[in-house]
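Going by the numbering used here, the first residue of the sequence shown is number -9, and it counts up by one from there.
Quick reminder that beta carbons are idealized off the backbone N, C-alpha and C, glycines included.
Quantities reported herein were computed from a predicted structural model and do not represent experimental measurements.
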Amino acid sequence: MLEKHRHLLIKFRQDISRDLLVDDVLPYLQSKLVLDLYDKECIYVEKTSKKKAQRLLDILPTKGFDAFEHFFTILGEKYPQLVGLLRSGVSDETYGDAIDSNVLLEGGVPQRPDIFTNRARDVHKVRTALRSLKEHDGWVILHGMAGCGKTVLAAEALRSPGLLDQLFPGGVFWIRIGSVSQAKLLMQMQNLCVRLDHDHSRAPPRNLEEAKDRLRMLFAHQYPRSLLVLDDLWNAADVKYFDIRCRTLVTTRDASITDSVGGSKVKVRVSEGFSDKEALQILSLWTRTFDLPPEAIKLVNLCNGSPLAISMIGAMLKEHPNRWKYYLNQFQKKKVSKLKTKFAYEYPSLSEAILMGINNLSEEMRTYYIDFALFDDGSKVPAQVLCILWDEELEIVEDLMDELVNKSLARKCVQSQDALGISYSIHNLQLAFLQELSTDKVALHAKIIDRYRDVYGGTGGKFDVMEDDHYIHWNLIRHMLKANMVEDTYTLITSLSWVVSKLKVTGPSDVISDYISVRDSIKAEQELEVLDNFHHFVSTNAHLFVAKMMPDIVQLALQQPSLSQVHTQAMAQASILTKQGKMYIEWCNQRADTLDSRLLITAKVHCGAVYCCKFSSDSSKVVSCGTDNHVKVWDSQSGRQLLSISGHGDVVNCCAFSHDDSRIISCSADQTVKIWDASSGEGVLCFVGHTQEVFSCSFSPDDTKAVSCSADRTVKVWDSKTGVCYHVYMAHTDIVRWCCFSPDGGKVASCSDDNTVRIWEASSGEDLCLLDDHTSSVSFCCFMNQGESVVTVCSNCIKVWSCSSGEQTWVYNSSSTCLSLAFSPDDSIVAMGFSDTTVQLWNSKTFARLGVYKGHKGWAHSVGISKDSSKLVSGSEDETVKIWTIDRDAAKDAAKLRRVFDAHFGEDSLGVAVADSSDRLLIFQGQDGVLTAEGEAMDSKIHSVTFSPRGEAIAVGCESGTISIQDRSCKVLQSFSEHKGAVRRCYFSQDGQLLLSASDDKTAKVFNLQEARVMYTLAGHTNKLRRCMFFNNDTRILTASLDGSLKVWDAKTGNLEFTCCHSSTDYVLTCDVSHDSQRLISASADCFAKVWDASTGELLLSLGRHPDVVRSISFSPDNMICTGCDDGIVRIWDSVSGKEVTSCKKNETWIADCHFTRDGRNIVSVSDNIQWWSKSGQLIQEFFIKGGFAKDVKCSSDFKTFVTVDDTSTLYILNQI
């Protein structure tokens, strides 16, 4: 009941109790549910009518604010004189406002602050959103950054005359949630239930689900049109407990906090800070002056108008109105701790309050406490670190710190009861004061370093063997630099042992940051070169160091150039570790140019393909997005993640910074375009209007507009500040893949699956130019930065068009699909990302290729060039983003090695024969892989290269059906043209006199090389052949075909002995023969490997079903079998029982080849990398190739030397150390 109404009942109590007979009003009050039977019994307990009336007057104020109204109504029928008395005290003008005020008071709505400014625009937005709840339940989400005034705005929005009566006649109920445990949340919900429930006899709910059900019933039956306000809601997990189908207003930092619940939602973003006018008004109210000095606006800009910061400044200026310059200076220097003011402290300044607390400590405790000055802002110092620093046992450290905690000089965080699970921290103001108090910071930092040296290996300081104490690995380099130990720091960070140790603890970004921080302190050129070697090693392999299974870092270091200090230290460690049974592989033929010095860093910040990546204006940050539904912002030097934005509900296709780097735009398959604050990651706007997946989005050059395109065939132009849609362009007749503004912002280019590119006015949508000379879907388009030309991408074709005439000015047809494209600001260079995993750089004036950037293992979906044209960023299907330095010197296009090769492992020498992209045969000799011969170009593409047993001859099979026999100088010895289709495989007999070939013409042929003739043709297969081999001492021949069968032939006569029908529908891809020639095995696209009797062709075993295609197989000497599957797993089988023994799980892509060692103890497999396994399935070692895939691996008989070629045309000659 309203306070005024209670006052009236008290004022006229004697008059009412004298005249009123309760029997005249009780029936009516009961019918209106003001009174119940219990109340009636309490009244009739009284003996006289006067006391009964008095008891009624005692009960009415407890029955809510409508009790007086009903009492007033019934009195009007039978006691008009009493009505007159009461009416004399009621003001009709203020009655509605008084009810609203009382509802706010009873509902717990916070009062208006003493110092207040009316943020009319934000309040209007909130009230407009609340009106959406008039006819139905739903959610209004008031979201914004911390300290922006969400609570004040929510409360102010409810202080509107008539608003509550119109929208929420059932009342308002305010509950502050905060970041709470479930137990505290239950307590809050229990309190709310008690406040709402008329039945006070009911026990409070016992758990969250029961509380949710209770609240749903209360709001449905007792408060059907009321508003529930959830203030400061932190956790999305808490929202489900308030999903009770009522009208709900939420204040939160997380705009997506209600995404997991149903109902209509209206999101209202609160401005991050006061406008300049509002902030100045607050300062005026605090200082009681409207003539503010120029420092006022500077202070406002310095703290970005933050309501919290502005209020703090105003509070200090209230007592010292002439200190504008002083406070401005202190804020600029971040020396806020020395600012004196009359806060709620008994000391004139915060510093003196901190100092008083320190002075109250004993001398010993003061010494311990001052040691905290060596720690950094926000550091949580584990108890283990303090044990080392103070040379005390854990129990002593706990006792010391408990005293500091009890005196509010430190905070304690307990995750477990051991030395690592207990950590301590102090407030930033206390830390700043201690650092100012410290007189010898160098000695302080040296102290912790010396203590760790004492604990780990004496004065030598074996830092690489330090245990992870959750602190020292992260901070040792900083302490050493602060202690002026530059030489020691250099020695440490150029120690491979330390790098290995730190990478395992901190990951790569912190190690990279160390190299950056140390570099300025190193002066000697030789030391800088070594430092750069280590920096490059960590940066370029950073994506591997964040993998779930970290690779062998020593092995990775062995892949660095042989003259680098990284390789030298790795070789020394490998030599020691091999004696302990470890296996290490050296890349023998690595040349200096195989290390791409242009690659600066490889970052893996996404858990899925990267579809877009862009630099910030100053190139210090990169924004990227992809299939993990996240937008990520990260440091371009260290790869450290700065922001992870998770507001999209599906794949994020595109993202970009605004030109002033203050905002980020992104679009998604969830049909939305969103704008985020680039510093906080908070959602700013969500553009809703597209009805299908959105593929592209970008800001206009002045950042006032945004453009987006979608699978709904439309392009939309938006106001990037308000989210208003200016224009919808609907001229395309199919999916629109890309769109962008012209450099002046006046035009938009859009491309579509309708095979066209359209250029149109951004303001009106008027068509300006139609570019329709494309043969298929146009996936990308962009203006050159001078605005005179447009570039379009249609599959493998890249075209440049004149904007004014619409004529083509340049066409380039690439060998693979172009997926992305970007120009430098001056249009002098263009970067392109391709489906062959490469990124290419071109001179856009001369159309000369400047370079090919290799290193990605998947499609290069996105490329971008920095504003200063010095760096290139690329994002790929392989889940990585790479940053490269741009080299403008044109690179000579060299012939590429193809993955068609063979190796001959002689007793004294190694020979490798490889086909190149110009259809020539290249011969490399020795472990160093020296190129010794280059053949003439063949008449068609080379498909097969095979050494003879003694290595003096090479058989080359071609697309035309030609087989060329060449010696090691590439001189043609013989040539055969009997095949009518591509020759896929050649195989020499053991004496080298016979050559077996398999062809796409469905036949195999046996050639007598001495007589230079075809002995016979093996015809019978009904589809192309893929494999052939002699076996059983060259007396028999095995062929495998895409017709799904194996055939065994007599090698002397060419007669067919039998056919093994593996599958009637699926290809046989490979085959093998056991070492004793008693068994055959076939592998097929039907996901099975099958073992056959080599004498009869009888099916012995069926191995599988595998989850995917079986692409490679091999017998061990003891007749074990390994199969390589497209699911990336090598499986080992018992050839007697046919049971799977174990599996080798590591690869991301299919297994292209696998082999047992001669003794059957180990296996080598090749896929996206080369792996060595034990027979038990344990990974022994892994060699990371530069490319994304290798096809075959050739092994020496002693399993010491291995040869392969990957898809980046890199030849690998590998030796076991």
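query: Quick test of your reading: Cys976 and Ala927, contact by CB under 8 Å. State the CB separation rounded to the nearest angstrom.; result: Cys976 to Ala927, Cβ: 19 Å. No contact.
query: Within 10 angstroms of the Cβ of Ala659, are there 16 or more other Cβ atoms? Answer buried if so, exposed if not.; result: buried
query: Is the segment 560 to 579 close to the segment 499 to 513, with three or more CB pairs under 8 Å?; result: no
query: Could you tell me which whole beta strand (DSSP E) segments of length 3 or greater appear in the segment 72 to 151?; result: 128 to 133
query: For Met1220, which residues from the same chain have a beta carbon less than 7 Å from its beta carbon, with the 5 sequence-adjacent residues on both sides left out?; result: The structure shown has nothing for residue 1220, since the chain only spans -9 to 1207.
query: Measure the C-alpha to C-alpha separation of Lys402 and Gly854 and round it to an integer number of angstroms.; result: 46 Å
query: Taking Cβ to Cβ, would you say Leu633 is nearer than 7 Å to Val623?; result: yes
query: Are the beta-carbon atoms belonging to Leu1201 and Leu887 less than 7 Å from one another?; result: yes
query: Starting from Ala838, follow the beta strand (DSSP E) in both directions and report where the run begins and ends.; result: Ala838 to Tyr843
query: Which term fits His1210, buried or exposed, when burial requires 16 or more other beta carbons within 10 angstroms of its beta carbon?; result: Because the chain spans -9 through 1207 in this model, residue 1210 falls outside it and cannot be assessed.
query: Three-state secondary structure (DSSP) at Pro815?; result: coil
query: Enumerated in chain order, which unbroken segments of the alpha helix (DSSP H) with a length of 4 residues or greater are wholly contained in the segment 408 to 457?; result: 418 to 427 and 431 to 445
query: In the structure shown, what three-state DSSP assignment does Thr63 receive?; result: helix
query: In the structure shown, what three-state DSSP assignment does Glu336 receive?; result: Note that Glu336 scores a pLDDT of 36, beneath 50, so its modelled location is shaky; the value from the coordinates is reported in the next line. Here Glu336 sits in coil by DSSP.
query: Could you tell me whether the segment 1099 to 1111 touches the segment 1072 to 1089, where touching means 3 or more Cβ pairs closer than 8 Å?; result: yes
query: Per DSSP, Tyr1234 forms a beta bridge with which residues?; result: Residue 1234 cannot be examined here, being either before or after the span of the chain that is shown, -9 to 1207.
query: What first and last residue would you give for the beta strand (DSSP E) that runs through Trp1123?; result: Ile1119 to Asp1124
query: Is it buried or exposed for His533, if we count other Cβ within 10 angstroms and need 16 for buried?; result: buried
query: Quick check: what's the CA-CA separation for Thr496 versus His764?; result: 51 Å
query: Does the segment 775 to 789 touch the segment 692 to 706, meaning 3 or more C-beta pairs lie closer than 8 Å?; result: no
query: On the DSSP letters alone, give me the boundaries of the alpha helix (DSSP H) that Gln1289 sits inside.; result: Given a span of -9 to 1207 for the chain in the structure shown, any question on residue 1289 remains unanswerable.
query: Give me the Cα-Cα distance between His1145 and Val1154, rounded to the nearest whole angstrom.; result: 5 Å
query: To test your reading of the DSSP string, which unbroken alpha helix (DSSP H) runs of 4 or more residues are found completely within the segment 342 to 398?; result: 353 to 360, 373 to 380 and 384 to 396
query: Rank Arg45, Ile1071 and Leu(-2) by C-alpha distance to the C-alpha of Leu16 and give the top, closest one.; result: Arg45
query: Determine, using beta-carbon pairs with one atom in the segment 184 to 197 and one in the segment 134 to 148, whether at least three such pairs fall under 8 Å.; result: no
query: Within its chain, find whatever has a CB closer than 8 Å to the CB of Ser805; leave out the 5 residues flanking it on each side and keep chain order.; result: Asn786 and Asp826
query: For Thr875, collect the residues of the same chain with a Cβ closer than 7 Å to its Cβ; drop the 5 residues on either side in sequence, then sort them by chain order.; result: Arg588, Leu590, Ser860 and Lys861
query: For a test of the three-state rule: what should DSSP assign to Cys32, helix, strand or coil?; result: helix
query: Excluding sequence positions up to five away, which residues of its chain have a Cβ less than 6 Å from the Cβ of Tyr505?; result: His525
query: Going by DSSP, which residues form a beta bridge with His894?; result: Gly901
query: Measure how close the beta-carbons of Leu1046 and Ser1031 come, nearest whole angstrom, since I'm counting them as under 8 Å.; result: 13 Å between Cβ atoms; not a contact.
query: Consult DSSP for Leu329 and reduce its assignment to one of helix, strand or coil.; result: With a pLDDT of only 49 at Leu329, under 50, the local geometry of the prediction cannot be trusted, and no value is derived from it.
query: Contact check, Ile462 vs Leu379 under 8 Å by CB: the rounded distance?; result: In fact, because the Cβ distance is near 10 Å, the residues do not count as touching under 8 Å.
query: Quick check on the DSSP output: the alpha helix (DSSP H) that includes Cys183 runs from which residue to which?; result: Gln172 to Leu186
query: Can you tell me the Cα-Cα spacing of Asp361 and Asp444, whole angstroms?; result: 18 Å
query: Could you give the distance in angstroms between the alpha-carbon of Ile471 and the alpha-carbon of Trp1123?; result: Rather than Ile, the amino acid found at residue 471 in this sequence is Leu. C-alpha separation (whole angstroms): 57 Å.
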